[in-house]
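The structure appears right after this line, and notes come after that.
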Amino acid sequence: MAIIAKRCGIKFDPPSVILIYEDEHTSKLRKRVMPVRSFSQFSDCSRAAERLKLHPRHGHYLDLVSVEQLVRLHMVLRDHLRGLSVEESLREQRRSHTHEEDLNKLSDEELNRRKAQMDVLFELNRRHKDDPDFVYDLEVEFPDNSVRETCSWDQSDEEF
Amino acid sequence: MAGDMKRIPELEQEKYDADEQVKIICLGDSAVGKSKLMERFLMDGYRPQQLSTYALTLYKYTTTINGRPVLVDFWDTAGQECFQSMHPSYYFKAHACIMVFDVQRKVTYKNLSNWYKELREYRPEIPCLVVANKIDADMRMTQKSFNFAKKQGLPFYFVSAADGTNVVKVFKDAINMALSYKKNSSDFMDVVMRELENFDLERKEESAYEEEEEEEEGRAD
Ligand SMILES: Nc1nc2c(ncn2[C@@H]2O[C@H](COP(=O)(O)OP(=O)(O)OP(=O)(O)O)[C@@H](O)[C@H]2O)c(=O)[nH]1
Ligand SMILES: [Mg+2]
Chain S
62 MAIIAKRCGI KFDPPSVILI YEDEHTSKLR KRVMPVRSFS QFSDCSRAAE RLKLHPRHGH
122 YLDLVSVEQL VRLHMVLRDH LRGLSVEESL REQRRSHTHE EDLNKLSDEE LNRRKAQMDV
182 LFELNRRHKD DPDFVYDLEV EFPDNSVRET CSWDQSDEEF
Chain G
56 MAGDMKRIPE LEQEKYDADE QVKIICLGDS AVGKSKLMER FLMDGYRPQQ LSTYALTLYK
116 YTTTINGRPV LVDFWDTAGQ ECFQSMHPSY YFKAHACIMV FDVQRKVTYK NLSNWYKELR
176 EYRPEIPCLV VANKIDADMR MTQKSFNFAK KQGLPFYFVS AADGTNVVKV FKDAINMALS
236 YKKNSSDFMD VVMRELENFD LERKEESAYE EEEEEEEGRA D
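These protein sequence lines map, in sequence, to chains S and G.
Numbered per our numbering, the first sequence spans residues 62 to 221.
Numbered per our numbering, the second sequence spans residues 56 to 276.
As C-alpha cells, then:
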C-alpha cells in the first residue's frame, strides 16, 4: 500500500504521533494514531523518533516523514511532560538550535543555563561512588574503528 | 603578543622540568565535559586551585609509577573564546594533551581541528589523546568511526563522565604517555620554540619602528 504523507503532528493524551496521509490506491485521506510508548520527561528524543521510524507496524507509514521532524515532535511531547507549553517548547528548540552552533561565544550566564539543561541527563545517567555497582576504573571495549560505520559528521565537505 | 602572556605570575612553571612532575592539559569547546571528566577521574581526592581571571583550574594528583612517586598537574581551562589570550601559558611545558568533544554536538567535533592546530603551534610533539564524551547520552555514536583521530594518528576513546566509562583509562594512558614523552624527548623542541618566540618579538618591534618613520614622512596613500 502506497502512503503519501500529508501532515504529521502530535497528541498529548495519550502521547501519540498523528499522521494524515493519502492512500494512493483509494485516493482517500486517512488519519493514523501512533502511540508513543514508555516515554518520559527524561527520554532521548532521537532514540524515540528512530524507534518509531523502525516500528514494525507504523514504520512504513512514516517513510516520507524525516527523522528530524519526528525528533522535533518528540521534543514537544517531552517538554509537555516537563511542564512547558507548545510555544515554549518550540522557542526553546529554536534557541538551542541556533546556540548549538557555538557555545564558545556565549556569556557566562547563557553558558551556565545551557549547562543546567545538560545536567538533567547528566544526573540521570550518573553513577555515584556509593552506588552498590559502582566501578571506579570502568573499562568498556568498543568495536574497532575499522569495523564501525563512518560518522555522517565526516561526510561533509570540510577537511581535517 | 604571545610573549607577554607566556607566564601567569601566580604560577611557577619551572618545576615541570623535574623528572617526577608532569603537566597534562585539557582542551575542547565549552561544555564538552572537560571539568566533569577531571572530577570523575579524581573523585573527591583533589585539591583544585582556581585562577578565575584566567578561567583556569589546576588539579594536583599524585600516583606511583614503577615504584616512584609522580606528581601530575592537570590544567583545565574554559572553552570560551574570551579566554583565548591565556592559551600560550596554558600550552607552555605541557607533556600531554587530552582533547575532548561532545558526541551530541557536531560543532565540537569539527572544532577539534582548530584546537589541534593551536596545540601543534606551541607543542609540536606532545602526545595527544582524542576523547568522545557523553556516550551515555547516545550509545549509537559508539558504532560510528570518527576520522579526525585516525587521520592525525591519535589514540581515540569513547567515554562518559556521567557513567564513568573509560574515564580512568584515558587519564592513566595520558599520564603514561606524558612520562614517556618526557623521558624520551630532550627539551629540544621547547628551546626551539622559545627562540622562535623571541625572534618573533624582535621582528615585531622592528616593524613597529618602521611604521613610525613612515608616518613622520607623511605618507599620502
Ligand atoms: N550526559 C552527559 N552529560 C555530561 C557528561 N559530561 C558532562 N556533561 C554535561 O555537560 C555539562 C558541561 O560539562 P563541563 O564539564 O562543565 O564542561 P567543560 O568542558 O568543562 O566546559 P567549559 O569549562 O565551559 O569549557 C555538564 O554540566 C553536564 O551536564 C557526560 O558524560 N554525559
Ligand atoms: Mg570546565
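Yeah, the Cβ is synthetic: ideal placement off N, Cα and C, and Gly gets one too.
Within 8 Å (strictly less), CB to CB, does residue i reach chain G?
i      : result
S104/S : no
K190/S : yes
T211/S : yes
D194/S : no
Y197/S : yes
S101/S : no
S88/S  : no
M179/S : yes
D215/S : yes
S107/S : yes
Answer yes or no: do residue i and residue j have a C-beta to C-beta separation smaller than 8 Å?
i      : j      : result
R209/S : Q198/G : yes
F211/G : F226/G : no
F156/G : A204/G : no
H142/G : V77/G  : no
K114/S : L123/S : yes
S146/S : D193/G : no
D228/G : L184/G : yes
R187/S : D218/G : yes
I181/G : C152/G : yes
S75/G  : K166/S : Note on residue identity: the sequence assigns Glu, not Ser, to residue 75/G. Result no, Cβ atoms of E75/G and K166/S do not sit closer than 8 Å.
L113/G : D99/G  : no
S215/G : K238/G : no
A102/G : V222/G : Strictly speaking, residue 102/G in this sequence is Arg, with Ala absent from that position. No, the pair does not count as a contact, with Cβ atoms beyond the cut-off.
L185/S : L172/S : no
E111/S : V128/S : yes
F138/G : Y171/G : no
Flag residue i as yes if its beta-carbon sits less than 8 Å from any beta-carbon of chain S, otherwise no.
i      : result
V127/G : no
M154/G : no
Q68/G  : no
A192/G : yes
T197/G : yes
K98/G  : Rather than Lys, the amino acid found at residue 98/G in this sequence is Met. Yes, M98/G lies at the interface with chain S (some Cβ there is under 8 Å from its Cβ).
V225/G : no
Y101/G : no
S140/G : no
K89/G  : no
N202/G : yes
K205/G : yes
Y164/G : yes
K34/G  : Not covered by the structure: residue 34/G. The range shown for chain G is 56 to 276.
K148/G : no
K161/G : yes
M232/G : no
Residues of chain S with CB under 8 Å from residue i, in chain order?
i      : result
E136/G : N165, K166
Show which residues of chain G have a CB atom less than 8 Å away from the CB atom of residue i.
i      : result
L172/S : S85, A86, Q135
M95/S  : The contacting residues do not exist; M95/S stays about 22 Å from chain G at best.
Please list the partners that residue i has in chain S, where partner means a Cβ-to-Cβ separation under 7 Å.
i      : result
Q105/G : Ordered by position in chain S, no residue passes the 7 Å Cβ test against Q105/G, which lies about 14 Å from the chain.
A217/G : F183, N186, R187
T220/G : L199, V201
K172/G : Simply none; closest approach about 10 Å.
Residue i versus chain G: which residues are under 7 Å apart at the beta carbon?
i      : result
K176/S : A86
F203/S : T197, F213
S127/S : Simply none; closest approach about 17 Å.
What does residue i touch in chain S if you count any residue whose Cβ is under 9 Å from its own?
i      : result
D131/G : Correct list: empty, because the minimum Cβ distance to chain S is about 15 Å.
Ligand 3 heavy atoms versus the CB of residue i: any closer than 7 Å?
i      : result
F183/S : The model depicted lacks ligand 3 and carries ligand 1 and ligand 2 instead.
Task: Contiguous alpha helix (DSSP H) assignments of at least 4 residues, all confined to the stretch 140-211 of chain G - done: You should have 142-146, 161-165, 167-177, 202-207.
Task: Touch test, the stretch 174-186 of chain S against the stretch 165-185 of chain G, Cβ-Cβ under 8 Å, three pairs minimum - done: Not touching, per the Cβ criterion.
- [ ] Please list the segments of the alpha helix (DSSP H) lying wholly inside the stretch 117-148 of chain S, counting only runs of 4 or more residues, in order along the chain.
- [x] If we require 4 residues or more, the alpha helix (DSSP H) runs fully inside the stretch 117-148 of chain S come out as 128-142.
Open item on the list: For the stretch 75-88 of chain G against the stretch 127-136 of chain G, do three or more pairs of beta-carbon atoms, one drawn from each stretch, fall closer than 8 Å, so that the two count as touching?
Closed with: Remark: three or more beta-carbon pairs, one from each stretch, lie closer than 8 Å, so the stretch 75-88 of chain G and the stretch 127-136 of chain G are flagged as touching.
TODO: Please specify which runs of the beta strand (DSSP E), each continuous and at least 3 residues long, are wholly inside the stretch 91-123 of chain G, giving them in chain order.
DONE: Taken in chain order, the whole beta strand (DSSP E) runs of length 3 or more contained in the stretch 91-123 of chain G are 104-106, 111-120.
TODO: Report yes or no: do three or more beta-carbon pairs, one from the stretch 147-155 of chain S and one from the stretch 115-126 of chain G, lie closer than 8 Å?
DONE: Flag = no, the stretch 147-155 of chain S and the stretch 115-126 of chain G do not touch.
Task: Touching by the beta-carbon criterion (3+ pairs, under 8 Å), the stretch 68-82 of chain S and the stretch 90-102 of chain S - done: The stretch 68-82 of chain S makes contact with the stretch 90-102 of chain S: 3 or more CB pairs, one atom from each, lie closer than 8 Å.
- [ ] Would you list, in sequence order, the uninterrupted beta strand (DSSP E) runs of no fewer than 3 residues that lie entirely inside the stretch 70-102 of chain S?
- [x] Qualifying beta strand (DSSP E) stretches, in chain order: 77-84, 89-96.
TODO: Within the stretch 161-192 of chain S, note down every full beta strand (DSSP E) run reaching 3 residues or more, in order along the chain.
DONE: Runs of the beta strand (DSSP E) lying entirely within the stretch 161-192 of chain S, each at least 3 residues long, are absent.
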